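Numbers in this note's numbering are just positions in the sequence shown, counted from 1, shifted up by 3. The next block holds one structure in the form of structure tokens; read it before the comments.
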Amino acid sequence: MILLIISLLGLSACSPHSGAGTWITDGNNPLKLTKIVVVFEGTADFFSEKNKETDNSAIRRCFWSTAAEDQLQMQCVHADNTDLKETYQFTIIEGNQAQLTQNKQLIALFKKQTP
């Protein structure tokens, strides 16, 4: 019985979501985003060009969950004010392209950075 339980746990191991990785864009968007880093452990950071005064370029810190096979639901806070909360959807269009939306409005298009 114990071997059966261990075997079943092994079969239910998680695989990375297709959205995990570093996604880049040109910065020509309302948030001035340059990249999003989606980590397998369920977190993501939105980056803009580095602030010359602080050397910190993360503008949103997020937790994500799988909304669909090709979509992540992101619950984010502003990096400089964690009382400000926002929700975004990150949808993989093709294997290496994705879009970020908020309230069904397109924010930016992204391309997956290859190692």
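We treat Cβ as the ideally placed atom computed from N, Cα and C, and that holds for glycine. Model, not experiment: these values are computed from the prediction.
Closest by C-alpha distance to residue i, when choosing among the options
i: ASN106; options: GLU89, PRO118 and THR117; result: GLU89
i: GLN108; options: GLY30, THR117 and THR94; result: THR94
i: TRP67; options: LYS38, TRP26, GLU52 and GLN92; result: GLN92
i: GLY22; options: THR37, LEU34, CYS79 and THR46; result: THR46
i: ASN31; options: PRO118, THR117 and PHE113; result: PHE113
i: LEU36; options: VAL42, GLU44, PHE43 and ILE27; result: ILE27
i: PHE50; options: GLU44, PHE43, GLU72 and CYS79; result: CYS79
i: PRO33; options: VAL41, PHE43, ILE62 and VAL42; result: ILE62
i: THR85; options: ARG64, LEU103, VAL42 and ILE110; result: ARG64
Residue range of the unbroken beta strand (DSSP E) whose run includes residue i
i: PHE50; result: 46–51
i: LYS35; result: Neither: LYS35 is in no beta strand (DSSP E) and is coded neither H nor E.
i: THR25; result: 24–27
Beta-carbon proximity list for residue i, same chain, < 7 Å, skipping 5 on both sides
i: THR69; result: HIS20 and LEU75
i: GLU97; result: none
i: ASP73; result: SER21, THR94 and ILE95
i: ASP83; result: none
Cβ-Cβ separation, residue j to residue i (assumed contact under 8 Å), whole Å
i: GLN100; j: THR25; result: Actually they do not touch by this definition, with Cβ atoms about 14 Å apart.
Sequence-distant residues of the same chain with beta carbon closer than 8 Å to residue i, five excluded per side
i: GLU52; result: GLY30, LYS35, THR37 and SER60
Residues near residue i by beta carbon distance below 6 Å, same chain, minus five either side
i: LEU87; result: HIS81
i: VAL40; result: THR25 and ASP48
i: ALA111; result: THR28, ASN32, LEU36 and LEU103
Only counting runs of 3 or more residues, tell me where the beta strand (DSSP E) segments fall wholly within the segment 71–108, in order along the chain.
Contiguous beta strand (DSSP E) elements confined to the segment 71–108 occur at 74–81, 84–97 and 100–105, taking only those with 3 or more residues.
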